[in-house]
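Asks: Whatever position you read off the sequence shown (first residue = 1), add 12 for my numbering.
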Amino acid sequence: MSITSAMYSAVSGLTAQSKALASISSNIANSSTTGFKGTVTEFTSYINKTTTVDEQVGGVIASNSRSISSQGEIETSSVTTNLAVNGEGFFVVSDDTADGGTYFTRNGSFSTDSDGYLVNSEGYYLSGWKLDDSGNVSAGNKTSVDSLNSINLSNIKGTPKATSTLGIEANLPSDAETGDSFTSDVEMFDALGNSHSVTMTWSKTADNTWSVSASNPVSSNDGTTTTGTISGFPITISFNDDGSLAGATQNGTTVDPSAVSFSVTGWTTGARDGSVTMDLGTANGTDGLTQYASGEDDPEIGDWTSTQNGYEPGTLTGTTIDSTGVVRATFDNGETRAIYQIPIATFANADGLDSESGTTFTQTYESGNYQLRTAGDGKAGDIEAGSLESSTVELTDEFSRMIVAQQAYSAASKVMTTAQDMLDTLISMKR
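Listed below in C-alpha coordinates is the structure:
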(Lines of atoms letter the chains of each structure in order from A; the text may use other names.)
(Lines give C-alpha, C1' and ligand atoms only; values in the text may rest on other atoms or scores of the structure.)
Protein backbone atom coordinates (compact mmCIF):
# COMPACT_ATOMS: atom_id res chain seq x y z
CA MET A 13 0.00 0.00 0.00
CA SER A 14 1.38 3.42 -0.94
CA ILE A 15 1.62 6.38 1.40
CA THR A 16 -1.23 8.03 -0.49
CA SER A 17 -3.36 4.91 -0.09
CA ALA A 18 -2.66 4.96 3.63
CA MET A 19 -3.93 8.52 3.75
CA TYR A 20 -7.11 7.52 1.90
CA SER A 21 -7.65 4.70 4.40
CA ALA A 22 -7.15 7.10 7.29
CA VAL A 23 -9.64 9.52 5.75
CA SER A 24 -12.23 6.73 5.54
CA GLY A 25 -11.55 6.00 9.20
CA LEU A 26 -12.06 9.64 10.11
CA THR A 27 -15.29 9.76 8.12
CA ALA A 28 -16.58 6.51 9.68
CA GLN A 29 -15.80 7.60 13.23
CA SER A 30 -17.40 10.99 12.56
CA LYS A 31 -20.55 9.16 11.53
CA ALA A 32 -20.36 7.04 14.67
CA LEU A 33 -20.00 10.16 16.81
CA ALA A 34 -23.02 11.72 15.10
CA SER A 35 -25.04 8.60 15.93
CA ILE A 36 -23.85 8.68 19.53
CA SER A 37 -24.67 12.38 19.80
CA SER A 38 -28.20 11.80 18.48
CA ASN A 39 -28.74 8.93 20.91
CA ILE A 40 -27.57 10.94 23.90
CA ALA A 41 -29.74 13.90 22.88
CA ASN A 42 -32.78 11.58 22.71
CA SER A 43 -32.07 9.57 25.84
CA SER A 44 -35.27 11.03 27.36
CA THR A 45 -37.38 11.04 24.18
CA THR A 46 -40.53 8.94 24.50
CA GLY A 47 -40.46 5.88 22.25
CA PHE A 48 -37.08 6.73 20.73
CA LYS A 49 -35.12 3.83 19.26
CA GLY A 50 -31.34 4.23 19.50
CA THR A 51 -29.07 3.78 16.49
CA VAL A 52 -25.81 1.84 16.30
CA THR A 53 -22.97 2.29 13.81
CA GLU A 54 -21.69 -0.77 12.01
CA PHE A 55 -18.26 -0.80 10.32
CA THR A 56 -17.51 -2.78 7.16
CA SER A 57 -14.01 -3.32 5.80
CA TYR A 58 -13.56 -1.92 2.32
CA ILE A 59 -10.60 -3.06 0.17
CA ASN A 60 -10.42 -2.57 -3.57
CA LYS A 61 -7.86 -5.27 -4.31
CA THR A 62 -5.27 -7.38 -2.51
CA THR A 63 -2.43 -9.38 -4.08
CA THR A 64 0.59 -11.26 -2.73
CA VAL A 65 2.84 -8.28 -3.31
CA ASP A 66 0.56 -5.28 -2.87
CA GLU A 67 -2.58 -4.04 -1.17
CA GLN A 68 -4.42 -1.31 -2.99
CA VAL A 69 -6.59 1.37 -1.45
CA GLY A 70 -8.45 -0.01 1.58
CA GLY A 71 -10.57 1.50 4.28
CA VAL A 72 -13.81 1.26 6.18
CA ILE A 73 -17.45 2.07 5.51
CA ALA A 74 -19.78 3.05 8.35
CA SER A 75 -23.54 2.56 8.28
CA ASN A 76 -26.14 3.32 10.93
CA SER A 77 -28.96 0.96 11.82
CA ARG A 78 -31.80 1.33 14.27
CA SER A 79 -33.30 -1.47 16.32
CA ILE A 80 -36.89 -0.35 15.93
CA SER A 81 -38.26 -3.60 17.35
CA SER A 82 -36.48 -3.21 20.70
CA GLN A 83 -38.67 -2.59 23.74
CA GLY A 84 -38.03 0.39 26.00
CA GLU A 85 -38.91 0.41 29.67
CA ILE A 86 -42.51 1.37 30.47
CA GLU A 87 -42.85 4.17 32.99
CA THR A 88 -45.94 5.46 34.76
CA SER A 89 -47.41 8.79 33.66
CA SER A 90 -49.92 11.03 35.43
CA VAL A 91 -51.71 11.71 32.11
CA THR A 92 -54.41 9.08 31.56
CA THR A 93 -54.30 9.47 27.77
CA ASN A 94 -50.57 8.67 27.64
CA LEU A 95 -50.20 5.16 26.21
CA ALA A 96 -47.50 2.53 25.91
CA VAL A 97 -47.40 -0.74 23.97
CA ASN A 98 -46.03 -3.64 25.95
CA GLY A 99 -45.22 -5.87 23.02
CA GLU A 100 -44.10 -5.66 19.39
CA GLY A 101 -46.86 -3.50 17.92
CA PHE A 102 -47.17 0.15 16.93
CA PHE A 103 -49.84 2.82 17.22
CA VAL A 104 -51.35 3.90 13.91
CA VAL A 105 -51.20 7.68 13.51
CA SER A 106 -51.91 10.26 10.84
CA ASP A 107 -50.54 13.71 10.05
CA ASP A 108 -54.04 15.03 9.37
CA THR A 109 -57.50 14.33 10.75
CA ALA A 110 -58.86 13.81 7.23
CA ASP A 111 -57.04 12.23 4.29
CA GLY A 112 -53.71 12.28 6.11
CA GLY A 113 -50.82 9.90 5.55
CA THR A 114 -50.53 6.72 7.59
CA TYR A 115 -47.61 6.32 9.98
CA PHE A 116 -46.62 4.06 12.86
CA THR A 117 -45.14 5.00 16.20
CA ARG A 118 -44.33 3.86 19.71
CA ASN A 119 -44.55 7.44 20.98
CA GLY A 120 -47.73 7.30 23.02
CA SER A 121 -47.51 10.78 24.55
CA PHE A 122 -51.09 11.51 23.50
CA SER A 123 -53.08 14.40 24.90
CA THR A 124 -56.22 16.20 23.78
CA ASP A 125 -55.71 19.23 21.55
CA SER A 126 -57.99 22.26 21.29
CA ASP A 127 -60.26 20.40 18.85
CA GLY A 128 -60.54 17.31 21.04
CA TYR A 129 -58.22 15.05 19.01
CA LEU A 130 -55.62 12.81 20.64
CA VAL A 131 -52.24 14.08 19.40
CA ASN A 132 -48.75 13.00 20.46
CA SER A 133 -45.73 15.21 21.09
CA GLU A 134 -44.72 15.04 17.40
CA GLY A 135 -48.13 16.28 16.25
CA TYR A 136 -49.49 12.98 14.91
CA TYR A 137 -53.15 12.07 15.42
CA LEU A 138 -54.02 8.71 17.00
CA SER A 139 -56.26 6.50 14.85
CA GLY A 140 -58.85 4.00 16.04
CA TRP A 141 -61.91 2.02 15.08
CA LYS A 142 -65.15 3.84 15.83
CA LEU A 143 -67.60 1.70 17.83
CA ASP A 144 -71.37 1.62 17.49
CA ASP A 145 -73.86 1.80 20.35
CA SER A 146 -73.37 -1.92 21.00
CA GLY A 147 -69.61 -1.55 21.33
CA ASN A 148 -68.85 -3.21 18.00
CA VAL A 149 -66.57 -1.89 15.28
CA SER A 150 -68.80 -0.02 12.85
CA ALA A 151 -66.36 -0.21 9.92
CA GLY A 152 -66.67 -3.25 7.68
CA ASN A 153 -63.02 -4.09 6.89
CA LYS A 154 -60.93 -4.06 10.06
CA THR A 155 -57.79 -5.12 8.17
CA SER A 156 -57.33 -1.81 6.37
CA VAL A 157 -56.35 1.61 7.72
CA ASP A 158 -59.30 2.94 5.71
CA SER A 159 -61.48 1.64 8.55
CA LEU A 160 -59.79 3.97 11.04
CA ASN A 161 -60.72 7.46 12.20
CA SER A 162 -58.76 10.07 14.11
CA ILE A 163 -59.92 9.74 17.72
CA ASN A 164 -61.84 12.79 18.91
CA LEU A 165 -63.05 13.08 22.50
CA SER A 166 -64.89 16.41 22.26
CA ASN A 167 -67.90 15.48 20.13
CA ILE A 168 -69.16 12.77 22.47
CA LYS A 169 -72.68 13.23 23.73
CA GLY A 170 -74.40 11.31 26.45
CA THR A 171 -77.41 9.28 25.34
CA PRO A 172 -80.50 8.53 27.44
CA LYS A 173 -81.52 5.02 28.35
CA ALA A 174 -85.04 3.79 29.02
CA THR A 175 -85.62 1.90 32.23
CA SER A 176 -85.75 -1.80 31.42
CA THR A 177 -85.00 -3.33 34.84
CA LEU A 178 -86.31 -2.42 38.27
CA GLY A 179 -85.13 -4.04 41.48
CA ILE A 180 -86.93 -3.70 44.80
CA GLU A 181 -85.77 -4.65 48.27
CA ALA A 182 -88.11 -4.02 51.19
CA ASN A 183 -89.69 -5.53 54.25
CA LEU A 184 -93.49 -5.70 54.22
CA PRO A 185 -94.62 -5.64 57.87
CA SER A 186 -96.09 -8.98 58.97
CA ASP A 187 -97.73 -7.20 61.94
CA ALA A 188 -99.87 -5.09 59.58
CA GLU A 189 -103.60 -5.78 59.62
CA THR A 190 -105.32 -7.41 56.66
CA GLY A 191 -106.56 -4.54 54.49
CA ASP A 192 -103.71 -2.21 55.42
CA SER A 193 -102.02 -0.48 52.48
CA PHE A 194 -98.68 1.28 52.06
CA THR A 195 -97.30 3.33 49.20
CA SER A 196 -93.84 3.88 47.81
CA ASP A 197 -92.53 5.77 44.79
CA VAL A 198 -90.07 4.58 42.13
CA GLU A 199 -88.39 6.60 39.39
CA MET A 200 -88.15 5.44 35.81
CA PHE A 201 -87.01 6.97 32.50
CA ASP A 202 -88.47 6.79 29.03
CA ALA A 203 -86.38 6.30 25.87
CA LEU A 204 -85.94 10.07 25.48
CA GLY A 205 -84.47 10.45 28.95
CA ASN A 206 -87.51 12.02 30.64
CA SER A 207 -87.94 11.19 34.31
CA HIS A 208 -91.26 9.82 35.60
CA SER A 209 -92.56 8.74 38.98
CA VAL A 210 -94.68 5.65 39.61
CA THR A 211 -96.51 5.14 42.90
CA MET A 212 -96.73 1.52 44.00
CA THR A 213 -99.39 0.47 46.52
CA TRP A 214 -98.76 -2.58 48.73
CA SER A 215 -101.94 -4.06 50.26
CA LYS A 216 -102.09 -6.94 52.70
CA THR A 217 -104.91 -9.22 51.51
CA ALA A 218 -104.44 -12.18 53.91
CA ASP A 219 -101.85 -13.74 56.16
CA ASN A 220 -98.60 -14.01 54.21
CA THR A 221 -100.28 -12.60 51.10
CA TRP A 222 -99.95 -9.13 49.57
CA SER A 223 -101.07 -7.42 46.39
CA VAL A 224 -99.08 -4.66 44.66
CA SER A 225 -100.58 -2.25 42.17
CA ALA A 226 -99.00 0.69 40.34
CA SER A 227 -100.35 4.06 39.28
CA ASN A 228 -99.86 5.46 35.84
CA PRO A 229 -96.54 7.35 35.64
CA VAL A 230 -96.52 11.08 36.24
CA SER A 231 -93.92 13.68 35.37
CA SER A 232 -91.19 13.97 37.98
CA ASN A 233 -91.12 17.72 37.35
CA ASP A 234 -94.58 18.47 38.79
CA GLY A 235 -95.62 15.10 40.23
CA THR A 236 -99.18 15.41 38.87
CA THR A 237 -99.23 15.29 35.07
CA THR A 238 -99.96 11.78 33.83
CA THR A 239 -97.44 10.82 31.17
CA GLY A 240 -98.32 7.24 30.18
CA THR A 241 -100.35 4.11 30.82
CA ILE A 242 -98.94 1.26 32.91
CA SER A 243 -100.14 -2.35 32.58
CA GLY A 244 -99.29 -5.67 34.18
CA PHE A 245 -100.67 -4.96 37.65
CA PRO A 246 -101.90 -6.00 40.18
CA ILE A 247 -99.39 -8.66 41.20
CA THR A 248 -100.04 -11.08 44.07
CA ILE A 249 -97.10 -11.83 46.35
CA SER A 250 -96.92 -14.66 48.86
CA PHE A 251 -94.50 -15.33 51.71
CA ASN A 252 -93.39 -18.43 53.55
CA ASP A 253 -94.05 -18.80 57.26
CA ASP A 254 -90.43 -17.83 57.98
CA GLY A 255 -90.83 -14.45 56.26
CA SER A 256 -88.98 -15.36 53.05
CA LEU A 257 -90.49 -14.68 49.64
CA ALA A 258 -92.53 -17.65 48.39
CA GLY A 259 -93.64 -16.59 44.92
CA ALA A 260 -95.67 -14.24 42.74
CA THR A 261 -98.79 -14.46 40.58
CA GLN A 262 -99.61 -12.18 37.66
CA ASN A 263 -102.91 -12.33 35.80
CA GLY A 264 -103.66 -15.65 37.50
CA THR A 265 -100.36 -17.18 36.33
CA THR A 266 -97.46 -18.08 38.58
CA VAL A 267 -94.38 -16.06 37.57
CA ASP A 268 -90.77 -15.90 38.66
CA PRO A 269 -90.68 -13.17 41.34
CA SER A 270 -87.22 -12.12 40.12
CA ALA A 271 -88.51 -11.46 36.58
CA VAL A 272 -91.98 -9.92 36.74
CA SER A 273 -92.77 -7.91 33.61
CA PHE A 274 -94.88 -4.80 33.15
CA SER A 275 -95.13 -2.24 30.37
CA VAL A 276 -95.75 1.45 29.86
CA THR A 277 -97.44 2.66 26.67
CA GLY A 278 -98.62 5.94 25.26
CA TRP A 279 -95.87 8.17 26.60
CA THR A 280 -97.00 11.78 26.21
CA THR A 281 -93.33 12.76 25.73
CA GLY A 282 -93.24 11.05 22.36
CA ALA A 283 -90.98 8.24 23.56
CA ARG A 284 -91.45 4.69 22.35
CA ASP A 285 -93.34 2.21 24.52
CA GLY A 286 -91.29 0.54 27.22
CA SER A 287 -91.14 -2.86 28.90
CA VAL A 288 -89.68 -3.34 32.38
CA THR A 289 -88.55 -6.49 34.15
CA MET A 290 -89.07 -6.12 37.89
CA ASP A 291 -86.97 -8.12 40.36
CA LEU A 292 -88.78 -8.68 43.66
CA GLY A 293 -86.27 -11.26 44.88
CA THR A 294 -85.52 -14.97 44.62
CA ALA A 295 -88.22 -17.48 45.52
CA ASN A 296 -87.60 -18.89 49.02
CA GLY A 297 -84.93 -16.25 49.49
CA THR A 298 -84.51 -13.03 51.42
CA ASP A 299 -82.59 -11.02 48.83
CA GLY A 300 -85.61 -8.95 47.75
CA LEU A 301 -88.96 -8.69 49.49
CA THR A 302 -89.34 -10.11 52.99
CA GLN A 303 -92.17 -10.17 55.51
CA TYR A 304 -91.02 -9.64 59.09
CA ALA A 305 -92.54 -7.80 61.99
CA SER A 306 -91.90 -4.08 61.98
CA GLY A 307 -91.93 -3.79 65.76
CA GLU A 308 -93.82 -0.50 65.50
CA ASP A 309 -97.19 0.49 66.90
CA ASP A 310 -97.96 1.87 63.46
CA PRO A 311 -96.37 -0.67 61.06
CA GLU A 312 -94.80 0.57 57.82
CA ILE A 313 -92.61 -0.67 54.99
CA GLY A 314 -89.03 -1.00 56.15
CA ASP A 315 -85.59 -1.11 54.49
CA TRP A 316 -86.98 0.24 51.22
CA THR A 317 -84.52 0.25 48.30
CA SER A 318 -85.28 0.53 44.60
CA THR A 319 -82.78 0.45 41.73
CA GLN A 320 -83.33 0.92 38.02
CA ASN A 321 -81.02 1.08 35.01
CA GLY A 322 -82.42 4.09 33.12
CA TYR A 323 -80.91 7.56 32.93
CA GLU A 324 -81.25 10.95 31.29
CA PRO A 325 -78.70 12.33 28.79
CA GLY A 326 -75.44 13.03 30.58
CA THR A 327 -72.43 15.30 30.26
CA LEU A 328 -69.01 13.84 29.49
CA THR A 329 -66.83 13.76 32.60
CA GLY A 330 -63.84 11.73 31.39
CA THR A 331 -62.48 8.81 29.41
CA THR A 332 -60.70 5.58 30.24
CA ILE A 333 -58.61 3.23 28.10
CA ASP A 334 -58.20 -0.44 28.97
CA SER A 335 -55.48 -2.96 28.06
CA THR A 336 -57.34 -4.01 24.90
CA GLY A 337 -57.37 -0.42 23.63
CA VAL A 338 -61.07 0.21 24.19
CA VAL A 339 -61.74 3.90 24.86
CA ARG A 340 -64.75 4.41 27.14
CA ALA A 341 -66.52 7.68 27.83
CA THR A 342 -68.00 8.27 31.27
CA PHE A 343 -70.87 10.66 31.93
CA ASP A 344 -72.25 12.37 35.00
CA ASN A 345 -75.46 10.34 34.79
CA GLY A 346 -73.55 7.10 35.44
CA GLU A 347 -73.44 6.04 31.79
CA THR A 348 -70.24 4.43 30.51
CA ARG A 349 -69.99 3.82 26.77
CA ALA A 350 -67.29 2.29 24.56
CA ILE A 351 -66.60 4.76 21.75
CA TYR A 352 -63.33 3.74 20.07
CA GLN A 353 -60.92 0.83 19.98
CA ILE A 354 -57.25 1.51 19.38
CA PRO A 355 -55.68 -1.03 16.99
CA ILE A 356 -52.09 -2.25 17.11
CA ALA A 357 -50.10 -2.60 13.86
CA THR A 358 -47.51 -5.35 13.55
CA PHE A 359 -44.90 -6.09 10.87
CA ALA A 360 -42.97 -9.17 9.80
CA ASN A 361 -39.76 -7.13 10.12
CA ALA A 362 -40.26 -3.98 12.17
CA ASP A 363 -36.56 -3.13 11.84
CA GLY A 364 -37.19 -2.62 8.12
CA LEU A 365 -39.45 0.40 8.72
CA ASP A 366 -38.27 3.73 7.41
CA SER A 367 -37.85 6.67 9.80
CA GLU A 368 -40.18 9.57 9.13
CA SER A 369 -39.03 11.35 12.29
CA GLY A 370 -37.34 10.40 15.52
CA THR A 371 -40.15 8.12 16.70
CA THR A 372 -42.45 7.82 13.68
CA PHE A 373 -42.05 5.34 10.84
CA THR A 374 -43.46 4.37 7.48
CA GLN A 375 -43.98 0.96 5.90
CA THR A 376 -41.37 -0.32 3.41
CA TYR A 377 -40.81 -3.40 1.29
CA GLU A 378 -38.29 -4.65 3.87
CA SER A 379 -40.75 -4.27 6.76
CA GLY A 380 -43.57 -6.07 5.00
CA ASN A 381 -47.21 -5.01 5.05
CA TYR A 382 -48.87 -3.93 8.27
CA GLN A 383 -51.40 -6.12 10.05
CA LEU A 384 -54.02 -4.48 12.22
CA ARG A 385 -54.68 -6.37 15.44
CA THR A 386 -56.53 -5.77 18.66
CA ALA A 387 -54.31 -5.22 21.67
CA GLY A 388 -53.54 -8.47 23.43
CA ASP A 389 -53.71 -10.45 20.19
CA GLY A 390 -50.53 -12.50 19.89
CA LYS A 391 -47.33 -10.52 19.56
CA ALA A 392 -49.19 -7.22 19.20
CA GLY A 393 -48.88 -6.60 22.93
CA ASP A 394 -51.12 -4.91 25.48
CA ILE A 395 -51.84 -1.22 25.80
CA GLU A 396 -50.96 0.36 29.12
CA ALA A 397 -52.81 3.61 29.78
CA GLY A 398 -51.24 6.27 31.94
CA SER A 399 -47.81 5.02 30.84
CA LEU A 400 -45.04 5.90 28.40
CA GLU A 401 -42.31 3.83 26.77
CA SER A 402 -38.91 5.32 27.49
CA SER A 403 -36.03 5.64 25.02
CA THR A 404 -33.96 2.52 24.39
CA VAL A 405 -30.75 4.56 24.73
CA GLU A 406 -28.45 3.44 27.54
CA LEU A 407 -26.15 6.32 28.43
CA THR A 408 -23.35 4.13 29.81
CA ASP A 409 -23.17 2.29 26.50
CA GLU A 410 -23.13 5.55 24.57
CA PHE A 411 -20.26 6.97 26.62
CA SER A 412 -18.30 3.76 26.07
CA ARG A 413 -18.90 4.01 22.32
CA MET A 414 -17.87 7.65 22.43
CA ILE A 415 -14.53 6.78 24.02
CA VAL A 416 -13.86 4.11 21.40
CA ALA A 417 -14.83 6.48 18.57
CA GLN A 418 -12.63 9.22 19.96
CA GLN A 419 -9.63 6.91 20.24
CA ALA A 420 -10.15 5.50 16.73
CA TYR A 421 -10.53 9.02 15.33
CA SER A 422 -7.32 10.12 17.05
CA ALA A 423 -5.49 7.06 15.73
CA ALA A 424 -6.69 7.72 12.17
CA SER A 425 -5.61 11.35 12.43
CA LYS A 426 -2.19 10.12 13.61
CA VAL A 427 -1.92 8.05 10.44
CA MET A 428 -2.57 11.23 8.47
CA THR A 429 0.16 13.17 10.25
CA THR A 430 2.58 10.23 9.99
CA ALA A 431 1.90 9.88 6.27
CA GLN A 432 2.46 13.61 5.89
CA ASP A 433 5.81 13.30 7.69
CA MET A 434 6.80 10.43 5.42
CA LEU A 435 5.92 12.46 2.32
CA ASP A 436 7.90 15.40 3.67
CA THR A 437 10.87 13.06 4.20
CA LEU A 438 10.51 11.73 0.68
CA ILE A 439 10.41 15.24 -0.78
CA SER A 440 13.41 16.36 1.29
CA MET A 441 15.53 13.56 -0.27
CA LYS A 442 15.59 15.57 -3.48
CA ARG A 443 16.99 18.69 -1.84
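Glycine is no exception: its CB is placed at the ideal position from the N, C-alpha and C atoms.
In chain order, what residues of the same chain have a beta carbon less than 6 angstroms from the beta carbon of Ala271, not counting five sequence neighbours either side?
Replies: Thr289
Asks: Within 10 Å of its beta-carbon, does Gly264 have 16 or more other beta-carbons around it, so buried, or fewer, so exposed?
Replies: exposed
Asks: So, at 7 angstroms on beta carbons, what are the nonlocal neighbours of Thr374 in its own chain, with the 5 sequence-adjacent residues on each side left out?
Replies: Tyr115, Leu365, Asp366, Glu368
Asks: Can you grab the Cα-Cα spacing for the pair Thr444 / Ser89, in whole Å?
Replies: Only positions 13 to 443 of the chain appear in this structure, which leaves residue 444 out of reach.
Asks: Nearest CA to the CA of Thr493: which residue from Gly314, Ala32, Asp436?
Replies: Here the chain covers residues 13 to 443 and nothing more, so residue 493 does not appear.
Asks: Compare the beta carbon distance of Ser207 and Ser232 with 8 angstroms and say whether it is the shorter of the two.
Replies: yes
Asks: How would you call Ala226, buried or exposed, if buried means at least 16 neighbouring beta carbons within 10 angstroms?
Replies: buried
Asks: Tell me, please, whether the stretch 280–289 touches the stretch 209–223 by the rule of three or more beta-carbon pairs shorter than 8 angstroms.
Replies: Per the Cβ contact rule, the stretch 280–289 is not in contact with the stretch 209–223 (fewer than 3 Cβ pairs under 8 angstroms).
Asks: With H, G and I counted as helix, E and B as strand and the rest as coil, what does DSSP make of Gln263?
Replies: The sequence given here has Asn at residue 263, not Gln. The answer is coil: DSSP assigns Asn263 none of H, G, I, E or B.
Asks: With a CB to CB cut of under 8 angstroms and the five nearest residues on each side skipped, what residues in its chain are close to Val157?
Replies: Val104, Thr114, Ser139, Tyr382, Leu384
Asks: Note the first and the last residue of the continuous alpha helix (DSSP H) segment covering Glu410.
Replies: In the DSSP assignment, Glu410 falls within the alpha helix (DSSP H) that extends over 407–440.
Asks: Using the three-state DSSP reduction, which class does Gly293 fall into: helix, strand or coil?
Replies: coil
Asks: For Asp107, I'd like the list of residues in its chain whose CB is within less than 8 angstroms of its CB, leaving aside the five on either flank, ordered along the chain.
Replies: Gly113, Tyr115, Gly135, Tyr136, Tyr137
Asks: Applying the criterion that 16 or more other CB atoms from any shown protein chain within 10 Å of the CB defines a buried residue, is Thr319 buried or exposed?
Replies: Taking all protein chains shown into account, Thr319 has fewer than 16 neighbouring C-beta atoms within 10 Å of its C-beta and is therefore exposed.
Asks: What residue does the beta strand (DSSP E) around Gln353 start on, and which one ends it?
Replies: 348–353
Asks: Going by DSSP, name the residue or residues bridged to Ser196.
Replies: Met212
Asks: Taking the beta strand (DSSP E) that Tyr20 falls in, what are its first and last residues?
Replies: Careful: Tyr20 lies outside any beta strand (DSSP E), inside the alpha helix (DSSP H) at 15–41.
Asks: Thinking C-alpha only, which one of Thr109, Leu33, Leu95, Ser24 is nearest Thr336?
Replies: Checked all of Thr109, Leu33, Leu95, Ser24; the closest Cα to Thr336 is Leu95.
Asks: Assign Asp158 to one of three DSSP states: helix, strand, or coil.
Replies: helix
Asks: Between Gly300, Asn228, Ala34, Asp254, which has its C-alpha nearest Ala260's C-alpha?
Replies: Gly300
Asks: If you reduce the DSSP assignment to three classes, tell me which class Asp363 lands in.
Replies: helix
Asks: Cβ atoms of Asn98 and Thr117: under 8 angstroms apart, would you say?
Replies: The answer is no: Cβ separation not under 8 angstroms.
Asks: Is DSSP giving Gly390 helix, strand or coil here?
Replies: Of the three classes helix, strand and coil, the one that applies to Gly390 here is helix, per DSSP.
Asks: State the CB to CB distance for the pair Trp141 and Ser159, rounded to an integer number of angstroms; the pair is presumed to be in contact (CB under 8 angstroms).
Replies: Confirmed, Cβ separation roughly 6 angstroms.
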